[in-house]
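Numbering (mature numbering (1 follows the signal peptide of the UniProt record, and there is no 0)) for the sequence shown: -26 to -1, 1 to 457.
We put the CB at the ideal spot given by N, CA and C, even for glycine.
One structure is given here, and the rest of the page talks about it.
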Amino acid sequence: MGRHVIFGLTKASVIIALFLAPCCDALTDNDDELAKTILPVSAETTDEALKLERGDAVDEIRLALTKLKRYIQSLTAAKEKVAPLKPVDGLPWPKVRVNATVSIMSVLGVDDAQQTVRTSVFLRLHWRDEALRWNVSQYNGLKFVELPVTSLWTPNVLVCNSVETQVNLFEMVPSVIVDSEGWVHAALSLVVDTMCKMDLTMYPYDEQFCPVVFFSQSKYIIWNVADDRLGESVAASLSYGNEWDLLETRAEVFHVKEYDEDGPMIMMRLQRKTTFYTVCLVTPMTLTSFMNTLVFLVPLQSGEKVSFLVTIFVSTSVFVSYFTTMMPRGLDSFPATIKLLICVMMESLLSLFATIIILRRFHQEQASSIRQGHQGETNRPSRESTRLSSAPGAPTSQFCCRGNPRAYVVNDTSQEFKPEEKAANKKEADVSGEGRQKSFRLTSHWLDRICFWVACVGNTTFLLAIILCTLSNSEYKKADAGF
């Protein structure tokens, strides 16, 4: 009985081994394929797990951020928009200390007639509200949070010297940044048109000092103002060609003693680019000024002196129309270019007067020489009368010359001059007549030369005086501005 059981088990095991042998061979042959199919599945599951973990981390951060915003907005200081007042040494009442950094990004334009400046300003404000602090560890390590401007207190800041309607600058800012220490950070980038009292004495070689003044209606603010060097570096990289160069800026606190109020102010030092004005304005006016002197080199016989001066005088009307459109109506002092224009017009007027006098003298000389020629021809005796008077035995009484309506008187021989006296009188008459003729002929010529040199010296002196006066005035203005 036991033998039959053992034999049956052995037979069954052999049969099972025969059936399983092909399957084992197939498994050994396809190990690589199985590995290739199994490994990617495990990698995909790992990535999915990482994504799930990261998603969970992001969700945690979002939840922490939402929780932090709700916490800050639930604070009484944020709800009621209470100013973070603190006691200040030396003052009887508490104040808020606001730090401001101001920079000018670029000068977009300057209107000389309206005396306004259009600038791009970057203003950053920082103040501390200790009620807005939080523990970083409780909010998943969050150190900063962005909140709407309407959810907490902000200072009321205006542009004091703006030409447009005054509005609170924080109305143009959507949000502020709050850190875990309670510091509130606000950044304002705006384009403003501000008033600027300009000194156009050196126009177009002028420098202007124009402020942008900020003002707050909050009586309990102490301003700490500084230059924003970061903004200046950005402005230098983003600057583009325009009519003005921004040479220097200075940020300070603008204080009004009458109202005991102050605010941040930035003073700009602007310099006009002069290449265009030198080529198109100053050079033509200077050449026109020197052309007035050339009228005295035009020949008197040409008859073109007056027309030459009239042409120059009419050309100055172009400059007059230009200054009419460019200059403001309420000038405190005349610009150097207007002085130059007045010099050109006065020189044209004086040259016209001098030319008229010279031409009158020239025509008088011409008329005098013509009269002398007619008188000489009239008083000269005819050949027949000369022949009769020189004949021997001719009467010495009066007789009329032929062809002469006037009587020609011949004195007796007893009243004739001696040969020596006749020669001396004739020589004296010739010398006096020649000198008189020479002086009449050269008077207008030398007047032209004298007026030419006087005009050259006067023109040069006036131009140098204008240059020296404008340079001295510019140094005084620069010292007054504090640069």
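Same chain, Cβ closer than 6 Å to residue i, five either side skipped, listed in chain order
i              : result
threonine 248  : Pro178 and Tyr179
histidine 229  : Asp236
glutamine 140  : Leu132
valine 91      : Val84, Thr168, Cys170 and Cys184
isoleucine 240 : Val76, Val186, Thr223 and Ala225
Residue i classed as buried or exposed, judged by whether at least 16 other C-beta atoms fall within 10 angstroms
i              : result
alanine 341    : exposed
aspartate 63   : exposed
lysine 279     : buried
alanine 429    : buried
isoleucine 332 : buried
threonine 223  : buried
serine 263     : buried
isoleucine 344 : exposed
isoleucine 316 : exposed
alanine 52     : buried
leucine 97     : buried
Residue closest to residue i, alpha-carbon to alpha-carbon, out of the options
i                 : options                           : result
valine 95         : Gln88, Ala105, Leu82 and Trp101   : Leu82
glutamate 104     : Ile46, Ser289 and Thr257          : Ile46
tryptophan 218    : Gln182, Asn109, Lys193 and Met146 : Gln182
alanine 161       : Lys171, Ser322 and Pro148         : Pro148
lysine 41         : Thr90, Thr93 and Gln112           : Gln112
residue 517       : Asp173, Pro258 and Ile424         : In the structure displayed, the chain extends from -26 to 457; residue 517 sits before or after that span and is not available.
glutamate 321     : Leu305, Arg44 and Val431          : Val431
threonine 285     : Ser325, Leu164, Leu220 and Leu174 : Ser325
leucine 442       : Glu145, Asp86 and Met176          : Met176
alanine 225       : Asp201, Val292, Phe293 and Leu261 : Asp201
aspartate 86      : Met300, Asn433, Arg243 and Pro309 : Met300
methionine 295    : Leu164, Phe308 and Ile312         : For clarity, residue 295 is serine in the given sequence; the question names methionine instead. Serine 295 has its Cα closest to that of Ile312, out of Leu164, Phe308 and Ile312.
glutamate 339     : Val256, Gln275, Arg36 and Met172  : Gln275
leucine 437       : Leu314, Phe327 and Ile424         : Leu314
arginine 243      : Lys231, Asp306, Met172 and Ile440 : Met172
threonine 435     : Thr260, Cys254, Arg246 and Phe297 : Thr260
phenylalanine 327 : Phe287, Pro302 and Thr93          : Phe287
Residues near residue i by beta carbon distance below 7 Å, same chain, minus five either side
i                 : result
phenylalanine 426 : Thr267, Phe270 and Leu271
threonine 329     : Val269, Lys279, Val280 and Leu283
leucine 121       : Lys43, Ile46, Ser149, Val150 and Val152
asparagine 114    : Glu34, Ile35 and Ala38
CB of residue i within 7 Å of CB of residue j, strictly
i                 : j                 : result
serine 154        : lysine 117        : yes
leucine 99        : valine 70         : no
serine 80         : proline 129       : no
tryptophan 197    : alanine 74        : yes
residue 460       : lysine 55         : Outside the modelled stretch of the chain, which goes from -26 to 457, sits residue 460, for which no answer is possible.
valine 166        : serine 125        : no
glutamine 89      : cysteine 184      : no
leucine 221       : proline 309       : no
valine 119        : phenylalanine 144 : no
methionine 319    : threonine 290     : yes
valine 199        : valine 227        : yes
phenylalanine 293 : proline 238       : no
8 Å CB neighbourhood of residue i in its chain, flanking five on each side removed
i              : result
leucine 49     : Ala105 and Leu106
arginine 335   : Thr417, Ser418 and Leu421
tryptophan 101 : Pro58, Val70, Arg71, Val72, Asn73, Pro129, Trp157 and Val158
proline 61     : Pro68
serine 192     : Ala57, Val70, Pro129 and Asn130
valine 110     : Leu116, Lys117 and Ser154
- Query: At what residue ranges does the segment 76 to 117 contain a whole run of the beta strand (DSSP E), taking only runs of 3 or more?
  - Reply: 90 to 102
- Item | Whole beta strand (DSSP E) elements within the segment 107 to 190, 3-residue minimum | 118 to 122, 131 to 133, 149 to 153, 157 to 169 and 181 to 190
- Can you list, in chain order, the stretches of the beta strand (DSSP E) that have 3 or more residues and sit fully within the segment 212 to 270? 218 to 230 and 235 to 246
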